[in-house]
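To start, the structure under review is shown below, and the notes come after it.
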Amino acid sequence: MPFFQEPPRLGNQFDDDPLLPSWIDRFVPSVTEELRSLGDVAVEYYGKQLADRENEPVLTQWDAWGNRIDKIEVSPLWHEAQKLAAKHGMVAAGYEAHYGKHARTHQFAVVHVLGPSLDVYSCPLAMTDGATRTLLSSGNRALIDRIVPRLTSRDPSIMWTSGQWMTERTGGSDVSQTETIAKPDGDGWRLYGTKWFTSATTSEMALTLARPEGNVLGSRGLALFFVELRDANGRLRNIQVNRLKDKLGTRKVPTAELTLDGTPATLVGAVTDGVRAITPMLSITRTWNAVSAVSGMRRGLALARDYARRRKAFGAMLVDKPLHADTLAMLEAEYAGAFCLAFRSVELLGSLDGGPDMEPGGLTPTGGNDADERLARALVPIAKLTTAKQAVAVISDAIEACGGAGYVEDTGLPRILADAQVLPIWEGTTNVLSLDTLRALGKGGALEAITAEVEGNCAAATDRGLARPIEAARAALRHATAWVVEAMPQPDRLEAGARRFALTLGRTLELALLCRHAQWCLDHGHGPRTAAAARRFAMNGVDLIGDAVLEDTKLLA
């Protein structure tokens, strides 16, 4: 009989996760059965995802009679994902009062379980969540009352998703050169310009930056606008879709170049300081990025682990080969650290959710205390940049662990890696967010907040088996703190080392959080596995601090 390799199979994506069940038991145990049920839904939709692999968005610019229609048709799975996301509250759950301060943990646990099976539908959901928080923080009561209930609805026939149109030909992270102009038109505004990269262009609305005519150049002269994309007949409102982007990954996401030619728009807040107005959006979407990074890692590792139990080579199953087992253990430890940091970022969202209440009976944001706000100011960008880099590396190794099958498109495995590559780029590249980290520290109190966070988590981990990883976390923090204090008067040195510094802080936070959760698991019957992950994570390396020789940098760059 000829040999045919049995493919990896996906198990329940709640029960098979080595971190999520204990984290949920620790913070919001009442949602366990809901998530277990969704774990089976994730398996079902993974099968649909594989069957739908070749269906990508299609742009039809003209109808048969020469009319400009710019119709974008998305994949069949995306139509299903829209209904599933609404039904299970992948945005709404974060704004519901039922689980109080743990509403965000509940929401992102659902995202973590379902997201990897929905062909990056998490992209419009992230922007929808960010738009919701931004509108709530704006104080624009007319938009809040009319739009927020749609963005947070669990009814698929009512729920809207939102795009965010910030990126132009002049660049993404530096929006100060935005060329889109806003001109007054009666009680409203009209927008004119080109948006170079607009994800989820099939959404019903978008938030976008534009410069009101006559405003000063630079970021201070920008304002934030609300755009409803289509009229009552479903036609785009003075928006032309120039083309869909031909991307490495996230190919199911209809990302487009748009021309705005008198597009009707509503001013969200003031006619200036639009960049400041989108700050709540960035905190939300960067946290979505971090959670998507860990859920992508989980999917890759789930398949690699199952494959290791089905693939026999050199006389034994891969899982029984010491080197292969060691490789998987290293990757699982990286996932464990990343998970803890991403979901700590989720916890802190409550502290960033200041603003008016959404609706009677809804979650009332408290605005958070000063310590949490200082911590979140640094931790959120650190969590995004650290987990994003880990995701690409971990998923790459997980795909490699499946051998040649990991490189063959119709196995579905390469798509996980291609989709992960967007994570270090979207919402700020690693370098941009490393500089954001320095700016956050420069505002005062942020480094002290990170130090307190690391020390508090280390102090809570008292098991002797955690002593070495705890010391590794403390030593890395001491080194990072000493370096940044020494480098502060030397701007070039500080900037050149910002990436290594930020990643060291991220990995230090991951290890400290992982140690604390490991202690909780030991104390509450969840076994020693998380402690083993902490020890292995420390072995993987935490301290990346070091100064490169400036002349070498010039020669190489």
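In terms of this note's numbering, the sequence shown opens at residue 191 and continues consecutively.
For every residue, glycine included, the Cβ atom is placed at its ideal position computed from N, Cα and C.
Source: prediction; values computed, not measured.
To the nearest angstrom, how far is the alpha carbon of L734 from that of L703? 18 Å
Do L603 and A595 have their CB atoms nearer than 8 Å? Using a Cβ distance threshold of 8 Å, L603 and A595 count as a contacting pair.
Counting along the chain, where does the alpha helix (DSSP H) carrying S212 start and finish? L210 to F217
Distance check for G715 and S328, CA to CA, integer angstroms please. 45 Å
Per DSSP, cross-strand counterpart(s) of M520: Its beta-bridge partners do not exist; DSSP assigns none.
Own chain residues within Cβ distance below 6 Å of T556, not counting five before or after: Unreliable placement is indicated for T556, whose pLDDT of 45 sits below 50; no coordinate value is reported for it.
Are E537 and R294 close, meaning C-beta to C-beta below 8 Å? yes
With A448 and T384 assumed to form a contact (beta carbons below 8 Å), what rounded beta-carbon distance in angstroms separates them? Rather than Ala, the amino acid found at residue 448 in this sequence is Leu. Rounded to the nearest angstrom, the Cβ distance from L448 to T384 is 7 Å, consistent with a contact under 8 Å.
Spell out the partners DSSP gives W252 in its beta bridges. R258
Looking only at C-alpha atoms, which of A581, G593 and L565 sits nearest to A642? L565
Whose C-beta lies closer than 8 Å to the C-beta of D205 among residues of the same chain, with five residues either side of it excluded? If we look at D205 and ignore the five residues flanking it on each side, its Cβ neighbours are P211, R226 and G229.
From T322 to D682, what does the alpha carbon distance come to, in whole angstroms? 39 Å
May I ask you to report which of helix, strand or coil DSSP gives V168? Beyond the ends of the chain as shown, which are 191 and 747, falls residue 168; an answer cannot be given.
Quick one: what does DSSP say G279 is sitting in, helix, strand or coil? coil
Determine the DSSP secondary structure at P546, reduced to helix, strand or coil. Any reading at P546 must be qualified, since the residue scores a pLDDT of 37, below 50, and its modelled position is unreliable; the value itself is stated next. Three-state result, P546: coil.
May I ask you to report which of helix, strand or coil DSSP gives L399? strand
Spatial neighbours of W616 within its chain, please: C-beta separation below 7 Å, excluding the five flanking residues on both sides. Once the five neighbours on either side are set aside, the close Cβ partners of W616 are N479.
Taking only three categories from DSSP, how would you classify M507? strand
Going by other Cβ atoms of all chains shown within 10 Å of its Cβ, with 16 needed for buried, is Q195 buried or exposed? exposed
Count the other C-beta atoms from every protein chain shown that fall within 10 angstroms of the C-beta of F193, then say buried if there are 16 or more, exposed otherwise. exposed
Taking 8 Å as the threshold, find out whether the segment 508-518 comes into contact with the segment 340-354 through three or more Cβ pairs. no
If you count every other CB in all the chains shown that lies within 10 Å of the CB of V598, and 16 or more means buried, which is it? Classification for V598: exposed.
Quick one: grab the DSSP three-state call for G552. With a pLDDT of 47 at G552, under the threshold of 50, the predicted position of this residue should be treated as unreliable, though the coordinate-derived value follows. Three-state result, G552: coil.
By the three-class DSSP mapping on this structure, what secondary structure does N423 have? coil
Rounded to a whole number of angstroms, what is the C-alpha to C-alpha distance between P512 and M729? 17 Å
Taking the straight line between their C-alpha atoms, what separation do you get for V218 and F298? 12 Å
CB C313 to CB A390, shorter than 8 Å? Against a cut-off of 8 Å, the Cβ pair of A390 and C313 comes out as a contact.
CA-to-CA distance, W213 to T671, given in whole angstroms: 30 Å
So, helix, strand or coil for S352, using DSSP? strand
Identify which residue in G376, D436, P266 and G464 has its Cα closest to the Cα of N405. G464
Length at least 4, wholly inside the segment 682-731: the alpha helix (DSSP H) runs in chain order: 688-713 and 719-730
Using alpha carbons as the reference points, say which of N245, H288 and D436 lies closest to S220. H288
Which residues DSSP lists as bridging E263, in chain order: V248
Taking the alpha-carbon of E234 as reference, which of E661, T462, T250 and P306 has the nearest alpha-carbon? The shortest C-alpha separation from E234 is found at P306.
Looking only at its own chain, which residues have a Cβ that is under 8 Å from the Cβ of K579, when we skip the five neighbours before and after it? P614, T620 and L693
Return the first residue and the last residue of the beta strand (DSSP E) that I606 is part of. Premise fails: I606 lies in the alpha helix (DSSP H), L603 to A610, not in any beta strand (DSSP E).
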